[in-house]
Amino acid sequence: MAAHMQAVEEAEASGSTGDRGAWKWKIRQRIWDYMEENDIAANPRPVHHRIPNFVQSELTAKQVAALPEFQSAKWVKVNPDSPQAEVRATVLRSGKMLLVPQPRLRTGFFSLLDPQKIPPEKYRYACTQAGVVEYGQPIDLDADIKVDMVIIGSVAVNPANGARLGKGEGFAELEYGMLRLMGAIDDDTPVLSCIHDCQLVDDIPAEKLLCHDVPVDIICTPSQTIRVPRILPKPKGIYWEKLSPQKLGSILILQKLKAKLEREAGQPLPSGPDEILPPTAKRDKGKGKGGKSGKGPKGTGKTGNSQERKGQGKVKGKGRGQDQGGKGSKGDCVEGKNSQTGPRDPPRRRWQPKS
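First residue of the sequence shown: 2, per the working numbering; consecutive thereafter.
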């Protein structure tokens, strides 16, 4: 982590870091360290470079299930990470269609799980990676679908403005942008993140976010539900001028999408700057406080000035309804001029799965 941080800082100084700002990594490192040092982390461990799993993550599913937006939803997209396993199972138990992205978009786009086609005793298993392979139906970017709620994982979220940080790979943003491009979601589709209370922070400023960063509307923790004021704008699609060749080269579906759009337009789409891709999580599992392999330099054990130290406190400083960093600046992205692809808000249609 230390070597990566140095490389990021050097790349940032030279303008070749893309969106991997060193300030984001300092917040991520602080959260990961705190969760490990205080045994808030749960397997797979260590939680560094992951959407971190945490103790009592299953309680966030109860918070989600109580939301009126969830109760009225028919189609729900949920990230494939460990802390949202019970949330995914809750979607199926509630009789809703579940959309799960392919991990790192390696083999495709999304898998659809229909609870009517899965034995109820298999719901929990169906939400695992192996279960998605067995019970999921692959869908592609041509599918006509309407998603009623988007649930994404986070490493840290600012409840004052909805600004969030993922693990640094940008997949939540890409998935959101592609769903937006398909017309499956729009500005009014609620975006929710399930995290531990210790992942609430107050030092993600709005003015440092970019146009493809996805803000959240609702935060569910094991102890509370927070409704975030809608201050920050949501992305409108894929911002090709922000997508690095390194990231594009690692995701086949994006390569196919870009090639298709370029054929239709008869001209090339813009390309983003080179970047240093973030490190990925180690796959060995630690146990208890000793499970810290892969950690960076020892942190302070604090989560900034936003939390009390046992991970169950309220955000200090400015209140939840205040924007702490301006009025939703979009960084250096410019609307138009090939900054996005597709209609702004195309009609939302419901796709019927193949029988």
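From the three backbone atoms N, C-alpha and C, an ideal C-beta is built for every residue, glycine too.
Continuous alpha helix (DSSP H) stretch holding residue i: start and end
i    : result
L262 : L253 to A266
T61  : E59 to A66
F172 : F172 to M183
Q138 : From DSSP, Q138 is part of no alpha helix (DSSP H) but of the beta strand (DSSP E) over Q138 to I140.
T226 : Counting along the chain, T226 falls outside any alpha helix (DSSP H), though it belongs to the beta strand (DSSP E) covering T226 to R228.
I32  : A23 to E38
L193 : Taken as a continuous stretch (DSSP letters only), L193 belongs to no alpha helix (DSSP H), being part of the beta strand (DSSP E) at V192 to C195.
P69  : P69 to S73
R357 : In this structure the chain extends from 2 to 356, so residue 357 is not present and cannot be described.
Y240 : Counting along the chain, Y240 falls outside any alpha helix (DSSP H), and DSSP gives it neither H nor E.
Between the CA atoms of residue j and residue i - distance to the nearest angstrom
i    : j    : result
N159 : L201 : 6 Å
A164 : V48  : 21 Å
V215 : L244 : 15 Å
G178 : K237 : 7 Å
A67  : V229 : 17 Å
N306 : I140 : Since pLDDT at N306 reaches only 35, below the 50 mark, its modelled position is unreliable, and the value read off the structure follows with that caveat. About 43 Å.
I205 : A161 : 9 Å
R188 : R46  : The amino acid occupying residue 188 in the given sequence is Asp; Arg does not appear at that position. Approximately 35 Å, taken between the alpha carbons.
A127 : R94  : 11 Å
K209 : P121 : 45 Å
I28  : D34  : 10 Å
K97  : L114 : 9 Å
P223 : Q268 : 49 Å
F71  : L142 : 24 Å
E263 : L106 : 21 Å
E265 : S272 : 17 Å
Y124 : L253 : 29 Å
R89  : A23  : 32 Å
Span of the beta strand (DSSP E) around residue i
i    : result
K78  : W76 to V79
F111 : F111 to L114
V156 : Here V156 belongs to no beta strand (DSSP E), and DSSP marks it neither H nor E.
E101 : It is Val, not Glu, that sits at residue 101 in the sequence shown. Unbroken beta strand (DSSP E) run through V101: M98 to P102.
From the options, residue whose alpha carbon lies closest to that of residue i
i    : options                   : result
L249 : L211, P274 and E87        : P274
D145 : S155, R181, D115 and I152 : R181
L270 : P279, T281, P121 and L255 : L255
D82  : P121, I252, K235 and Q130 : Q130
H213 : P223, E70, I239 and K75   : I239
G1   : D40, F110 and E37         : Nothing in the structure corresponds to residue 1, since the chain is present only between 2 and 356.
S73  : D40, P120 and P191        : P191
C221 : I32, E265 and G154        : G154
E37  : N54, W26, L193 and K123   : N54
R51  : P104, P69, W24 and G132   : P104
L233 : S251, L253, I252 and A207 : A207
V56  : I119, K235, C199 and K261 : C199
Beta-carbon separation (whole angstroms), residue i vs residue j, contact threshold 8 Å
i    : j    : result
A157 : L166 : 5 Å
P84  : E176 : Contact doesn't hold; Cβ gap of about 17 Å is too wide.
S112 : E87  : Incorrect: roughly 18 Å between the Cβ atoms, too far for contact.
T61  : C195 : 4 Å
Beta-carbon contacts of residue i that lie in its chain and below 6 Å, excluding the five residues immediately before and after
i    : result
K78  : L100, V148 and V151
T226 : Q64
G169 : P279
N39  : none
Residues near residue i by beta carbon distance below 8 Å, same chain, minus five either side
i    : result
K259 : W241, L249 and L270
V217 : I153, S155, V158, G163, R165, V192, L193, S194 and V229
Close Cβ partners of residue i (< 7 Å) along its chain, the five nearest in sequence each way excluded
i    : result
Q247 : D275, E276 and L278
K75  : K97, M98 and D149
I186 : V148, V151 and L180
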